[in-house]
Structures are given as C-alpha cells and as structure tokens.
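Input: a single structure, listed below in structure tokens.
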Amino acid sequence: MLDIEWVIRYVPIFISVIVVSSYGIAWLVYLKYSQTDFRRISVACFLLPRLPLSPIRVWKINIAFFSHIRFILFGPALRILLQHWKLRIQEKNYQRIHFDINYGVQKNNVLDVYFAGRQIHQQQQQIDASVSDKPVIIFVFGGSWNSGDKQIYSLLGSRLRSCGYVVVIPNYTLYPDGKITEMTNDIRQVVLWTYTNIKDYGGDPSKIFLMGHSAGAHLCSLTVVQSTLTLLESRSQTSARPNKSDNNTTLLPDESRTNIANTFASDEELYQMEPLPNICGLVLVAGVFDIFAHFHFESKRGVEEISPMARVMGNSPDGFSSSSPVIILQKIRNSLTIDYLREYLPPNVLLIHGEKILGCKIANSSVLIANSAITLVQSLN
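Okay, here's the thing in structure tokens:
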C-alpha cells in the first residue's frame, strides 16, 4: 500500500522535473544558437524567441546536447589543449613553429607554420639545404563552420612536420562573423600567402596540398572548385571550349554559365577573383560535399535549426546549390569533357571517413559522408 502511495506521489513529480528540464535545456540551446539571422514573421512576434514546442524535437535536441557535453568532458579536447601549450613551450628551444602570422586583414586571419629550420630572429629563418623544397600541407580544421582554433591541431602539425612536410594551419572567419563567402575567401588568401611565402620556411610552392576535416574539408573542396570556375572563365576569352558537340564556341557557353552562375554573387566577382596556384592534391576527411543531403541528415536528427550550416550557406536552395562542390562539378560536366576538366582540378584526391563519427554508427552520418564522397569522385571521373 505504501509503495502505491509513493508511486502516486512522486512519479508525477519526477516526470514533471524531466519534462521541465528537457524543455529548459532545449530552449537554452535555441536561445544560444538558433536566433542569429532568424526572420520573424511579424512585428507582433518580434519579442518572441524562436523556441521548439514539439516534444520529439525537444528530445532530439537533448540527445545532441548531452552527446556534445560528453565529448567535451571525456573527449580529447582538454588533453589536446594542454599538449598544445606544452609543445609551445618546448618549441621555444628549437623555434620550428612560427605562430600567428597575419595573412589577411580580418581579426581571425592568422596562421601557424611548422617547418624544419631554425629561427634566428623574428623576421629571419635559417633553412638548411637538406630541409628545403619540402612538400607543403595546408590543414583547414572543421567545427560546424562556427567553432575551432588552429592551436587545437598543433599536435597534427608537429606530426606532419616529422613526416617531412612543411605545415600551415590557419584560423579563418567563423559564423556569425562571416558566412560561406568570407570563409572561402580566407582559405583562398591562405593558399596565396603560402604560395608566395612558403619557400622562406623550406617549402616548395609547387607542391602544395590542401587538407581539411569536416567543415574544413567542405571549404577546401569548395574553394578549389570555385577557383576552377574562375580559371575556366579567365581562359574562355582566348581558348576554345572542347565541348562534346561544338569545338568552336566559347569555353563556357551561356547555358552552362547560367547553370553555375549562382556559385558567385555576380559575373564581376567571377572575373575579378584571382585563380589559385596549382594544387597538387586534396585530402578530405569526413567532409560535407552536398549541402542538401547534409541538411536532410540534420533535419532527421532535429538539429537543423540550431546548426549554423543552413544560415552559413545562405538558407536557400540557390545558396545550398552554390555551396555544394558535388552539384557544381556535376553542372560543369554537362558542358565540358571530363578529360579537359581534369586539367584544371587537383590530380590527386584522397577521401577519408570512418565507421563511427562522434558516436554515430555507419548507418547514419558515415554513410551520408561516404555517399557524398563517392558522388564527388564520380564527378571527377
């Protein structure tokens, strides 16, 4: 009898606490992450925040929240940060890392260079002949386009340096300080800076590889594809397009340019953008190459409104399309022979993904990434 009374008295309280806590966590997450760029329907709801009411969505947000907390507390983040500062102290004796070099005018436009030579003064490096002309890796970190820092990847930079590479790890503009245009512009500036200056650190500017993880892999691939379009346009004035049906027309005919025009804000931007130097290869780890597919995946998880991805990409079908390397390449292939297109793209592309990503089994995010990667490879072949 007492057990039944206990159940009747305390179970409703326990359930109420769970419900209130779940909604409280979900609403706090929404207040923090989903309000930016939110267009309210009318003046009447101007003061009302964007909050979820569906219990299913609230439950999904709580799952994502606690997964993220578990990763922070029990993942490698704190250990890696401590290792970074330990490495930074140790490197003072050897000075094989040049920290916080400005490559642009924005506040986040700084990069670190990991190289084999020794530094004499702040502005002078002594590079032995035996360690010159090394291949160069530019690593672009991920973090959902709104988080991350180059110092987290100092161990990666040191490891790649020990394997014989000169390594460049930049910071770049993150959301909400910028969106996809600012991000790809930053990656472009990093590549141009590297091409111009990396010889001073023992690197070979003709052997530059772009490596990216997650959002970083997306930015690397998108920047290279956009540069390819720029190069095609710049040479269309003097070269004939090897079209499958007509060899005497311009490199990019009107119908093809209509298909890919949304990649840039305007034709003027396309013409004014400086093409990148030759990139020897891409190493893309767990990247996002189809924004539509990834948005669908986020929607199934119930996090598409707190994820910055849609807002970073313009929050529209045109924005999603112009930010998807797979879709852009498929459109280009409609007008150009694949053999000709290969001449403008990196000759080597390595795509990497794992069976588990942040605890998601292969049936979920890994399959999405794998399918997207396969589509990207098919677009290049």
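Under my numbering, the first residue of the sequence shown carries the number 1453, and numbering increases by one thereafter.
Each residue gets a CB set at the ideal place from its N, CA and C atoms; glycine is no exception.
Alpha carbon to alpha carbon, how far is residue 1610 from residue 1568? 10 Å
Quick one: is residue 1511 buried, meaning 16 or more other Cβ sit within 10 Å of its Cβ, or exposed? exposed
What is the rounded straight-line gap between the Cα of residue 1533 and the Cα of residue 1606? 9 Å
So if DSSP puts residue 1550 in a beta bridge, which residue, or which two residues, is it bridged to? 1565
Considering residue 1591, what are the terminal residues of the beta strand (DSSP E) in which it resides? 1586 to 1592
Using the Cβ count rule (16 or more neighbours within 10 Å means buried), how would you classify residue 1521? exposed
Under 8 Å, do residue 1736 and residue 1673 count as touching if we go by C-beta distance? yes
Roughly how far, in whole angstroms, is the beta-carbon of residue 1755 from the beta-carbon of residue 1516, given that I think they are within contact range, below 8 Å? 5 Å
Could you tell me the distance, in whole angstroms, from the CA atom of residue 1645 to the CA atom of residue 1553? 10 Å
Test item: CB-CB of residue 1764 and residue 1631 under 8 Å: yes
Euclidean distance between Cα positions of residue 1499 and residue 1486: Because residue 1499 carries a pLDDT of 48, less than 50, the predicted location of this residue cannot be relied on, and the following value inherits that uncertainty. Distance between the alpha carbons of residue 1499 and residue 1486: 15 Å.
Nearest to residue 1671 by CA position, among 1527, 1726, 1594 and 1525, is which residue? 1594
Can you have a look at residue 1636 and say buried or exposed, based on whether 16 or more other CB atoms are within 10 angstroms of its CB? buried
For residue 1464, count neighbouring Cβ atoms within 10 angstroms of its own Cβ and tell me buried if that reaches 16, exposed if not. exposed
Which of helix, strand or coil does DSSP assign to residue 1649? helix
Since I believe residue 1620 is in contact with residue 1565 (beta carbons under 8 Å), could you give me their beta-carbon distance rounded to a whole number of angstroms? 6 Å
Within a Cβ cutoff of 7 Å, which residues of the same chain sit near residue 1715, ignoring the five residues on either side of it in sequence? The predicted model places residue 1715 with a pLDDT of 45, which falls under 50 and marks its position as unreliable, so this point remains unresolved.
Work out the CA separation of residue 1793 and residue 1872 for me, nearest whole Å. Nothing about residue 1872 can be reported from this structure: the residues present for the chain run from 1453 to 1833 only.
C-alpha gap between residue 1750 and residue 1732, whole angstroms: 33 Å
Are residue 1562 and residue 1623 touching if we call contact CB-CB under 8 Å? yes
On the three-state DSSP scale, how would you describe residue 1771? helix
Excluding the 5 residues flanking residue 1625 on each side, which residues of the same chain have their C-beta closer than 7 Å to its C-beta? 1558, 1560, 1634, 1635 and 1638
Thinking C-alpha only, which one of 1743, 1602 and 1797 is nearest residue 1661? 1797
Kindly identify the DSSP beta-bridge partner or partners of residue 1621. 1564
Only counting the same chain, and skipping five residues up and downstream in sequence, which positions put a Cβ closer than 7 Å to that of residue 1478? 1504, 1510, 1513 and 1514
What number of angstroms, rounded off, separates the C-alpha of residue 1590 from the C-alpha of residue 1663? 6 Å
Check residue 1702 in the structure and name its three-state DSSP category. Bear in mind that a pLDDT of 42 at residue 1702, under 50, signals an unreliable position, so the number given afterwards is only what the model happens to contain. Three-state DSSP puts residue 1702 in coil, outside helix and strand.
List the residues that DSSP assigns as beta-bridge partners of residue 1804. 1737
When you compare only the Cα positions, how much space is there between residue 1527 and residue 1535? 14 Å
Give me the Cα-Cα distance between residue 1667 and residue 1469, rounded to the nearest whole angstrom. 37 Å
I'd like to confirm the pairing. Which residues does DSSP put opposite residue 1896 in its beta bridges? Outside the shown range of the chain (1453 to 1833) lies residue 1896, about which nothing can therefore be said.
Is residue 1458 buried or exposed, if buried means 16 or more other CB atoms sit within 10 Å of its CB? exposed
Answer with yes or no whether the minimum CB distance from residue 1672 to chain B is below 8 Å. Of the protein chains in this structure there is only one, and it is not chain B.
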